[in-house]
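Residue numbers (our numbering), protein chains in the order written: chain A, 1 to 677; chain B, 678 to 1246.
C-beta atoms are modelled at their ideal positions from N, C-alpha and C, and glycine is treated no differently.
Worksheet: one structure, shown below.
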């Protein structure tokens, strides 16, 4: 295998046709659309399967009979009792896909979408490949998850284009919403509990349910491999449990092949934008409730720009697994019996899940706004809130960044016929909830001060700025995947001050390792990532690459500085929390106290002027750092209970801190694989 | 009756005398399947006919075959690929003169004639026949020797050891595993030990119902001779017209009536084999023994790597009082498989044989069934009349539960008859750019449908990827059933116009199909054996330790690799 990164690896975007599906809705009858003839061609003409038939197949399966008996023996309950439990789980879980409801949803969504979005762009080539794929093998639709809107947009598009409506894995809280839960159920959603833990019966019912859907192939299966809606708008580390269930029918030869379709949904402006930052700052996410949703109807008054739904090239699981999985390992145990995945299978499932996330990233569209957000965050917060940034300078820098992003292979949503200045002006207008322009300068908009009697405290002030900064950071995150590899290399160059390729590579790997919860890298592909970084950074004139040497190019200052600054908030946040851990009085802390303690520690530093990024306040960043130090062995989990407790190895924390600041060179750190299923 | 035990041969005693003649190849094709006088061809009107007088189909015209052939393969009678009438120069024999001298003094007949040597240098794999049709001949045996009894074999093996020559046992030549191919790297004299003259029944023991038979006897001859005494073995592999008893033992053969009579390992009571270390055999004829691992199982499936099987004592049975064919049409393959399984659990002792095949070309339309999905089971019942009729009814009742409809005796009989002529069809295809082969596996019941779907699909996709211009024929058949699983046959053929190296493409696709079989829980082989064709998968099939066991047996029995055909290991 060669490790060389080639230009041709990049997506070819020329002549790709995107159609605004709202365009037709604005000119013809919504009712006509809802009642259109719907006659899709499912996999091998598989007959439709009613929810009842599906449940019966699942309950009668040898797998469930076996597990039921096993649980009965273990718990002393009767087999019938366990079976009843299984039936209850299944009832709670089941989808009840009905075309009538799809039509109703279709009608409603048309109305809503037309109000919210200027346009919804869909790539026609991806759709026609999907149309073919659903006939050839069972299809798994794998969208990224950034907004609640994701939930039904795909069904809506497929309904419009005569492709079988998917059944969709959804979180159980949605099922609890009055009416909406039932509508979603009838639109094909099935519901999965959040913390399944070691509930054996639940796992058995869920996995059999999922595998039966894949095996029968009467409908595509849609699920979010990231597991959750990303509050940071950044890709999340993929979850492997569902991925494994979905792939198992192929591993076991129950189907010839399975087709994965990565789908990238990109928003100019996310409906939940104001919620995001608050969630990250510790204001808990509102419980999904129907009234909550109705209150959100104020969002209907706003404009959210455009949305892109990019159906990626279908990927054959059979081809992906070639040479990676020896399917003979399933020969000796009846396929219906539960069998834990082998290390080989776990590694392959993890690799595929990461690959899909990467494909989602490559298929996503970046807005001018996201590029601007990258630039905003490189200015000090006080400059944003008080002095403002000169509009002219911002415009020029954004256009420079546009060029850089394109040279890195980004897909931009940049209206071609409009003058650049107008594009940027309308971008600012679209995001007037975050930013405003006044006398040639651009300012960050802080939330209205709540009407209070006493003046706001310094801490409240920090939180107010943090809310706005984190919202900007989320939009910056939309384009991070484009810059991340060159940015890691640029950072390695700056921190190590080394020019030796091998040393830079080691540091590059260290950064990938430490940030592997922040940015998604495909396991085992570090050297390709490094090659890609070298190639891209060389192409844009940032560095000179020799056989053994990598040096800063003379004209590379601007690019390298930009890339390093892009990563700086992450490095600062990590260093702060390393200091926090290092300065802890005790060696043991509980998970519950970790987040607030870190938050107040960071707040103090911000107030004293020692910390320049507000991102250290984000609970997401804090959790990622905790996973990173655990992965690097500097923190170990002591007890698994309601109160998870951790023990700190301060020496190890100090060591990581020193490597990250370039004081000592990185050894190849041995990290435990994070591929638990 | 004209139909004995499912064989559709109207074999005259005349034929059998020919087989006794040392020059078997006079009535056999040298570069195709079966008898010279029997073959499919298209007559001047473009209608297919089957020549000769040996088979029930002989002399018949089959107008539907042309259409089937053209539509299935996209073949055309205008595009011919006739065989080259004779082979190009055969390498002169490498002769170990001292061996030849010693052999002469024993009086055992032998030959160095090129035709005799080429005839015994191959089995019936596609690549072997394809090369012969192009007149290409690789390494062939340097001599052929015809022992006429056990003692002759003992002498030959002794001389081979003394002079270090390589022996390759040859029975009926129907191998489909490259087992008869001479290793090209072999530099010693290669001697083909043709057992065809060892073809007598030495005794029949009516008290114990056994027969002691020389291992060179060919299937149809064994059955005919036993029938004369009112007995049969019931062992009827598809190749029984030509394959030999010794070959069955050496490959672990299976017959289509094994549900009543058993496979070869169930049928043998005693085996005698001559090895470089001497003769191996048991001391008694007890029907079962607990004396450590059964030494018969070192011999069964040894594929000519350990010695020459010379004599076998076999179980025999009185000829069945009554036989009846039958057939059932199912709406689809899935229902058919489910039915066969159910039948098997209920009825074990009358249900002689059956085959289940989707889209059989002799039944294309049936009572509103989807012609693209329907599937036919052919059945054969044997035993006393009353029970046959009783069980026949039972089977049809079960079939009805699975949507199966009785399709008459004729269709059943035709199904069995086709078993024997189907091998001739390949030669017809090869005259018109169509190449193909069948291969088999055994698999647990719960995987039958999955393996069939996946392997067929794999074949189609591999063909596409390798540039085959026409959709291939990719189909399958359940031919044997067991308590815990079934034997599945795959049929794969395609029109190779436009390909520069069709045999290579064929082999790549078959290789991929075998990988797919193994990945789907199928075995490396149910009864064809490993030979050299499937050697590469042996280690993963039997484990490293298993390979070591087999190797150590080989090392002990044949340290000088006298039996150097290099099969299996």
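Per DSSP, what are the beta-bridge partners of residue i in this structure?
| i | result |
| --- | --- |
| residue 880(B) | 889(B) |
| residue 308(A) | 121(A) and 266(A) |
| residue 1153(B) | 1167(B) |
| residue 909(B) | 994(B) |
| residue 1112(B) | 1171(B) |
| residue 947(B) | 990(B) |
| residue 192(A) | 171(A) |
| residue 525(A) | According to DSSP, which records beta bridges pairwise, residue 525(A) is partnered with nothing at all. |
| residue 705(B) | 712(B) |
| residue 500(A) | 549(A) |
| residue 942(B) | Its beta-bridge partners do not exist; DSSP assigns none. |
Return helix, strand or coil for residue i, following the three-state DSSP convention.
| i | result |
| --- | --- |
| residue 1174(B) | coil |
| residue 69(A) | helix |
| residue 275(A) | helix |
| residue 179(A) | coil |
| residue 101(A) | helix |
| residue 920(B) | coil |
| residue 466(A) | helix |
| residue 440(A) | coil |
| residue 390(A) | strand |
| residue 243(A) | helix |
| residue 207(A) | helix |
| residue 249(A) | helix |
| residue 226(A) | coil |
| residue 1096(B) | helix |
| residue 1228(B) | helix |
| residue 832(B) | helix |
| residue 372(A) | helix |
| residue 1089(B) | helix |
Please list, in chain order, all residues of the same chain as residue i whose beta carbon is under 7 Å from its beta carbon, the five residues on each side excluded.
| i | result |
| --- | --- |
| residue 1232(B) | none |
| residue 355(A) | 522 |
Less than 7 Å separating the beta-carbons of residue i and residue j?
| i | j | result |
| --- | --- | --- |
| residue 613(A) | residue 579(A) | no |
| residue 678(A) | residue 138(A) | Here chain A has residues from 1 to 677 only, and residue 678(A) is not among them. |
| residue 204(A) | residue 64(A) | yes |
| residue 1012(B) | residue 1089(B) | no |
| residue 932(B) | residue 952(B) | no |
| residue 990(B) | residue 946(B) | yes |
| residue 1054(B) | residue 1005(B) | yes |
Residues in the same chain with beta-carbon distance under 6 Å from residue i, minus the five sequence neighbours each way, listed in chain order, please.
| i | result |
| --- | --- |
| residue 1050(B) | 1009 |
| residue 702(B) | 796 |
| residue 1038(B) | Confidence at residue 1038(B) is low in this model, with a pLDDT of 46, below 50, so its placement is unreliable and no value can be given for it. |
| residue 1252(B) | What the structure shows of chain B is the stretch from 678 to 1246, and residue 1252(B) is not part of that stretch, so it cannot be assessed. |
| residue 749(B) | 1150 |
| residue 488(A) | 508 and 511 |
| residue 681(B) | With a pLDDT of 26 at residue 681(B), under the threshold of 50, the predicted position of this residue should be treated as unreliable, though the coordinate-derived value follows. Nothing meets the Cβ criterion. |
| residue 622(A) | 595 and 598 |
| residue 804(B) | 1180 |
By Cβ distance, which residues of its chain are closer than 8 Å to residue i, with the 5 residues on each side in sequence left out?
| i | result |
| --- | --- |
| residue 99(A) | 38 and 165 |
| residue 201(A) | 67, 68, 71, 82, 85, 86 and 89 |
Check whether the region 1221-1240 of chain B and the region 1130-1149 of chain B touch, using three or more Cβ-Cβ pairs below 8 Å as the test. No, because fewer than three Cβ pairs between the region 1221-1240 of chain B and the region 1130-1149 of chain B fall closer than 8 Å, the two stretches do not touch.
contact_flag[the region 355-368 of chain A, the region 233-241 of chain A] where n(CB pairs < 8 Å) is 3 or more: yes
So, does the region 303-319 of chain A touch the region 262-280 of chain A, judging by three or more C-beta pairs under 8 Å? yes
On the three-pair Cβ rule with 8 Å, is the region 328-342 of chain A touching the region 377-397 of chain A? no
With contact counted as at least three CB pairs below 8 Å, one residue from each stretch, are the region 242-253 of chain A and the region 198-217 of chain A in contact? yes
Can you find at least 3 beta carbon pairs, one from the region 579-595 of chain A and one from the region 528-542 of chain A, that sit closer than 8 Å? no
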